[in-house]
Amino acid sequence: MTVHQISVFVENKSGTLAKVLDLFKEAGIQLIASTISDTVEYGIFRIICSEPMKAKSVLDAAGVSCSLADVFAVTLENYPGTAADAIAVLGKAGIGISYLYSFMLSGKGILIFRTDDPGKTAETITRHGMSTLDDASLLSLV
Amino acid sequence: MGDTSFLHPQYEALSRTEIEALQLERLHKTLLQCMKSPFYRKRFKDCGITPQDIRTLDDIVRIPFTTKQDLRDNYPFGLSTVGLDQVVRLHSSSGTTGKPTVILHTQRDLDQWADAVARCLHMAGLRPGDIFQNTSGYGMFTGGLGFQYGAERLGLLTVPAAAGNTRRQIKFIMDFGTTAIHAIPSYAGRLFEVMDEMGIDPRRDTRLKTLVIGAEPHSEEQRRRIEQMLGVKAYNSFGMSEMCGPGVAFECAEQNGMHIWEDYYIVEIVDPVTLEPVPEGETGELVLTTINREAMPLLRYRTRDLTRIIPGDCPCGRHHKRLDRMKGRSDDMMILKGVNIFPIQIETILMQFPELGNEYLITLTNEDANDKMTVEVELKEFDDDYPRMQALTREITRQLKDEILVTPEVRLMPKGSIPVSDGKAVRVRDLRKTLI
Chain A
35 MTVHQISVFV ENKSGTLAKV LDLFKEAGIQ LIASTISDTV EYGIFRIICS
85 EPMKAKSVLD AAGVSCSLAD VFAVTLENYP GTAADAIAVL GKAGIGISYL
135 YSFMLSGKGI LIFRTDDPGK TAETITRHGM STLDDASLLS LV
Chain B
24 MGDTSFLHPQ YEALSRTEIE ALQLERLHKT LLQCMKSPFY RKRFKDCGIT
74 PQDIRTLDDI VRIPFTTKQD LRDNYPFGLS TVGLDQVVRL HSSSGTTGKP
124 TVILHTQRDL DQWADAVARC LHMAGLRPGD IFQNTSGYGM FTGGLGFQYG
174 AERLGLLTVP AAAGNTRRQI KFIMDFGTTA IHAIPSYAGR LFEVMDEMGI
224 DPRRDTRLKT LVIGAEPHSE EQRRRIEQML GVKAYNSFGM SEMCGPGVAF
274 ECAEQNGMHI WEDYYIVEIV DPVTLEPVPE GETGELVLTT INREAMPLLR
324 YRTRDLTRII PGDCPCGRHH KRLDRMKGRS DDMMILKGVN IFPIQIETIL
374 MQFPELGNEY LITLTNEDAN DKMTVEVELK EFDDDYPRMQ ALTREITRQL
424 KDEILVTPEV RLMPKGSIPV SDGKAVRVRD LRKTLI
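Those protein sequence lines, which keep their order, are chains A and B.
Okay, so the first sequence: first residue is 35 according to our numbering, each after it adds one.
Okay, so the second sequence: first residue is 24 according to our numbering, each after it adds one.
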């Protein structure tokens with residue numbers, strides 16, 4: 035139901051993005067999806083990649099501030115409205131979404147998100163029979 | 024503690040009365056010596072006093088202050104009281120803020136300096152058999168040669184490792200079985216970080232027991248944190264190149280204030296604005312008169328360092344006065360929106376948050392005529408939880424505001440993003456422009 039996501043703490047002024055991507059390149063780690071969100075003070079570079087554990091240790095060794103966390107990964111059929119339905123289900127259950135991003139892979143829509151109540155989210159996803167991914171099934175789509 | 028704990032019992036064990044008698048005798052000698060320097064001869068003549076007018080220690084206030092500007096104006100040899108044929112060493116300040124300054128030493132001056140540093144290190148419990156690694160820069164920076172000669176005088180195996188090359192420092196610590204290190208506080212933190220990266224636990228894998236720290240203002244919290252990390256006792260040291268260098272004042276086993284060697288210096292604490300003495304125990308600018316120096320005595324030298332005398336007796340048995348840790352300098356005091364702020368106040372607050380690392384940077388700006396302070400501080404562990412980070416930022420801001428009465432903008436920074444050099448850490452950047 036969840037996949038591993040790397041979050042990199044990015045200083046607004048530095049060349050951290052290039053550094054992270056170079057480290058991935060050197061280590062042969064493939065980027066599957068990424069997003070950058072910025073707040074007033076700093077940016078967060080969130081990454082789904084082929085080898086999250088290895089990515090974490092490569093970044094740690096290079097002294098890059100980052101964390102590894104589980105985020106929900108839901109797959110959607112490729113027609114309009116499926117995302118709206120999925121989000122509505124979570125909303126009705128009173129679950130707040132902290133952040134969300136989406137991408138297409140092998141003809142499937144994929145929603146990655148984090149919520150304020152992981153337990154309730156898992157239960158809601160199960161109850162509604164939503165289709166989800168873990169690290170291995172995500173990688174098989176690449 | 025008995026006399027055997029004193030390296031120089033004839034000086035360390037003196038009572039207050041004995042100290043003051045010795046000071047008066049040495050002050051007289053110093054004043055006569057000063058008359059041999061063109062600078063002091065003129066200065067005394069200009070204010071119409073003679074050495075004979077100074078009859079008691081209290082009369083010292085009749086002597087005008089000597090300032091860093093005096094040293095600059097008389098660069099390089101204007102304050103010398105001996106011929107250059109008797110001078111064996113010269114140390115010069117970097118002159119980053121203008122003309123450099125010079126301090127001259129005869130052989131006797133160097134011997135006395137080494138004795139003072141040896142006394143300090145002995146007081147911190149170091150003895151022959153100890154291995155002392157000095158991470159100060161050598162050359163003109165007095166922390167290098169000053170500790171070198173003092174540690175050798177005491178009979179320590181002294182490693183002149185000098186500044187920088189942290190991995191090599193750690194290799195020396197491991198290979199030689201270093202028991203004591205001299206480092207500025209920020210560098211002690213750096214040593215620990217690199218040891219940690221190398222998988223070395225200083226408590227388990229090294230023989231370190233003593234750390235001598237100085238030259239950089241730091242808080243008690245930071246000292247305790249460094250002691251904890253390295254598994255050592257850390258002793259504060261105070262010195263300045265104008266007063267030779269290290270060895271002016273040092274902590275005893277009590278770690279509660281630095282005994283200033285009053286057989287070498289007469290201590291005054293004055294209000295930096297009115298220049299009047301402050302009541303005992305109150306903070307002001309440290310003013311020192313050297314009374315055990317030949318080549319270049321300094322009378323009532325304004326150090327710009329802010330501190331206070333800790334009242335009362337020290338349980339160690341020494342009656343030499345104790346200086347409190349430096350609270351910054353009268354010239355690095357920040358004035359923001361009319362409020363006086365010392366960087367150490369901010370550091371003390373930051374160090375209380377376990378989420379934060381050791382490095383921080385204070386930046387002052389004044390867009391639209393409004394003074395603004397930004398405090399950037401390293402976050403030890405990043406977790407991708409924005410609400411929690413916001414709450415942390417808010418709490419740091421609130422506590423800083425309570426302490427300094429100005430609301431700073433607090434920014435949490437990734438580890439390693441605040442530049443640290445192997446020299447003194449830059450803690451304050453004042454980018455304010457003159458608005459007239």
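Even glycine gets a Cβ: it sits at the ideal position worked out from N, Cα and C.
Note that the coordinates shown come from a computational prediction; the quantities given were computed from them, not determined experimentally.
Between which residues of its own chain and residue i is the CB-CB distance below 8 Å, once the five residues before and five after are set aside?
{"i": "G335 (chain B)", "result": "none"}
{"i": "L47 (chain B)", "result": "T79 and L80"}
{"i": "Y98 (chain B)", "result": "K122, P123, T124 and V125"}
{"i": "S103 (chain B)", "result": "S60, V110, L127, A318 and M319"}
{"i": "T158 (chain A)", "result": "V123, L124, A127 and I129"}
{"i": "I70 (chain A)", "result": "V44, L51, G77, I78, F79 and R80"}
{"i": "I72 (chain B)", "result": "R85 and I86"}
Who are the neighbours of residue i on chain B, taking C-beta pairs under 9 Å?
{"i": "T149 (chain A)", "result": "Correct list: empty, because the minimum Cβ distance to chain B is about 12 Å."}
Just tell me which of the options has its CA closest to the CA of residue i.
{"i": "L94 (chain B)", "options": "B:S264, B:S38 and B:E216", "result": "B:S264"}
{"i": "L214 (chain B)", "options": "B:R227, B:I364 and B:R191", "result": "B:R191"}
{"i": "L329 (chain B)", "options": "B:N315, B:R316, B:S353 and B:L321", "result": "B:S353"}
{"i": "S60 (chain B)", "options": "B:M319, B:D347 and B:V433", "result": "B:M319"}
{"i": "T90 (chain B)", "options": "B:Q56, B:L322, B:D408 and B:T189", "result": "B:L322"}
{"i": "G22 (chain B)", "options": "B:D228, B:I207, B:E175 and B:A185", "result": "Limits of chain B in this structure are 24 at one end and 459 at the other, which puts residue 22 (chain B) out of reach."}
{"i": "A67 (chain A)", "options": "A:S84, A:S101 and A:K59", "result": "A:S84"}
{"i": "A184 (chain B)", "options": "B:K194, B:S209 and B:T158", "result": "B:T158"}
{"i": "F460 (chain B)", "options": "A:M35, A:L134, A:K154 and A:K90", "result": "Any property of residue 460 (chain B) remains undetermined from this structure, which presents chain B solely from 24 to 459."}
{"i": "P442 (chain B)", "options": "B:V429, B:G380, B:M349 and B:T430", "result": "B:G380"}
{"i": "L373 (chain B)", "options": "B:E277, B:R417, B:T388 and B:R452", "result": "B:R417"}
{"i": "R327 (chain B)", "options": "B:C339, B:M266 and B:Q171", "result": "B:M266"}
{"i": "A118 (chain A)", "options": "A:S132, A:G143 and A:G62", "result": "A:G143"}
Interface residues of chain B around residue i at Cβ under 8 Å?
{"i": "A107 (chain A)", "result": "Correct list: empty, because the minimum Cβ distance to chain B is about 16 Å."}
{"i": "S84 (chain A)", "result": "By Cβ distance, chain B contributes nothing, its closest Cβ being about 20 Å from S84 (chain A), past 8 Å."}
{"i": "I78 (chain A)", "result": "D407 and Y409"}
{"i": "T73 (chain A)", "result": "Y409"}
{"i": "G97 (chain A)", "result": "K438 and G439"}
Given that residue i touches chain A, what residues does it touch there, using C-beta distances under 8 Å?
{"i": "S209 (chain B)", "result": "In chain order: nothing, as chain A lies at least about 17 Å away."}
Measure from the C-beta of residue i to each C-beta in chain E and report whether the shortest distance is under 8 Å.
{"i": "F58 (chain A)", "result": "Given the protein chain composition of this structure (A and B), no chain E is represented."}
I need the straight-line Cα distance from residue i to residue j, nearest angstrom please.
{"i": "F261 (chain B)", "j": "R248 (chain B)", "result": "20 Å"}
{"i": "F100 (chain B)", "j": "T124 (chain B)", "result": "10 Å"}
{"i": "Y34 (chain B)", "j": "T40 (chain B)", "result": "12 Å"}
{"i": "E317 (chain B)", "j": "E305 (chain B)", "result": "32 Å"}
{"i": "T420 (chain B)", "j": "I289 (chain B)", "result": "42 Å"}
{"i": "L346 (chain B)", "j": "H282 (chain B)", "result": "6 Å"}
{"i": "F365 (chain B)", "j": "G268 (chain B)", "result": "24 Å"}
{"i": "A96 (chain A)", "j": "A414 (chain B)", "result": "28 Å"}
{"i": "S171 (chain A)", "j": "L145 (chain A)", "result": "14 Å"}
{"i": "T116 (chain A)", "j": "A103 (chain A)", "result": "26 Å"}
{"i": "A36 (chain B)", "j": "A272 (chain B)", "result": "16 Å"}
{"i": "I77 (chain B)", "j": "R49 (chain B)", "result": "12 Å"}
{"i": "Y383 (chain B)", "j": "V182 (chain B)", "result": "31 Å"}
{"i": "R112 (chain B)", "j": "G166 (chain B)", "result": "15 Å"}
{"i": "R142 (chain B)", "j": "H31 (chain B)", "result": "7 Å"}
{"i": "M35 (chain A)", "j": "R148 (chain A)", "result": "12 Å"}
{"i": "R66 (chain B)", "j": "E432 (chain B)", "result": "48 Å"}
{"i": "L313 (chain B)", "j": "A211 (chain B)", "result": "In the sequence on display, residue 313 (chain B) carries Thr and not Leu. C-alpha separation (whole angstroms): 31 Å."}
{"i": "E175 (chain B)", "j": "S440 (chain B)", "result": "39 Å"}
{"i": "E378 (chain B)", "j": "D407 (chain B)", "result": "14 Å"}
{"i": "P55 (chain B)", "j": "Q135 (chain B)", "result": "The residue you asked about is not Pro; residue 55 (chain B) is Leu in the sequence shown. Approximately 19 Å between the Cα atoms of the pair."}
Can you give me the Cβ contacts of residue i inside the same chain, cut-off strictly under 6 Å, excluding the 5 residues immediately before and after it?
{"i": "G118 (chain B)", "result": "With a pLDDT of 47 at G118 (chain B), under the threshold of 50, the modelled position of this residue cannot be trusted; read the value that follows with caution. Nothing listed; no residue qualifies."}
{"i": "V301 (chain B)", "result": "I292, D294 and G307"}
{"i": "S140 (chain A)", "result": "L175"}
{"i": "S101 (chain A)", "result": "S41"}
{"i": "L402 (chain B)", "result": "L435"}
{"i": "H241 (chain B)", "result": "P208"}
Within the same chain, show all residues whose beta-carbon is closer than 7 Å to that of residue i, passing over the 5 residues directly before and after it, in chain order.
{"i": "I369 (chain B)", "result": "I385, V398, L423 and I427"}
{"i": "Q375 (chain B)", "result": "E244"}
{"i": "L168 (chain B)", "result": "Y161"}
{"i": "L149 (chain B)", "result": "F155, L177, L179, A203 and T233"}
Residues of chain B with CB under 7 Å from residue i, in chain order?
{"i": "E45 (chain A)", "result": "M436, P437 and S440"}
{"i": "A103 (chain A)", "result": "D407"}
{"i": "S41 (chain A)", "result": "D407"}
Would you say residue i touches the ligand COA, meaning its beta carbon is less than 7 Å from a heavy atom?
{"i": "G262 (chain B)", "result": "No copy of the ligand COA occurs in the structure displayed, which carries no ligand at all."}
contact_flag[the region 232 to 250 of chain B, the region 81 to 90 of chain B] where n(CB pairs < 8 Å) is 3 or more: no
Validate contact between the region 103 to 118 of chain A and the region 158 to 169 of chain A using beta carbons, cut 8 Å, 3 pairs: The region 103 to 118 of chain A vs the region 158 to 169 of chain A: in contact.
Cβ pair count under 8 Å reaching 3, the region 38 to 57 of chain A against the region 435 to 445 of chain B: yes
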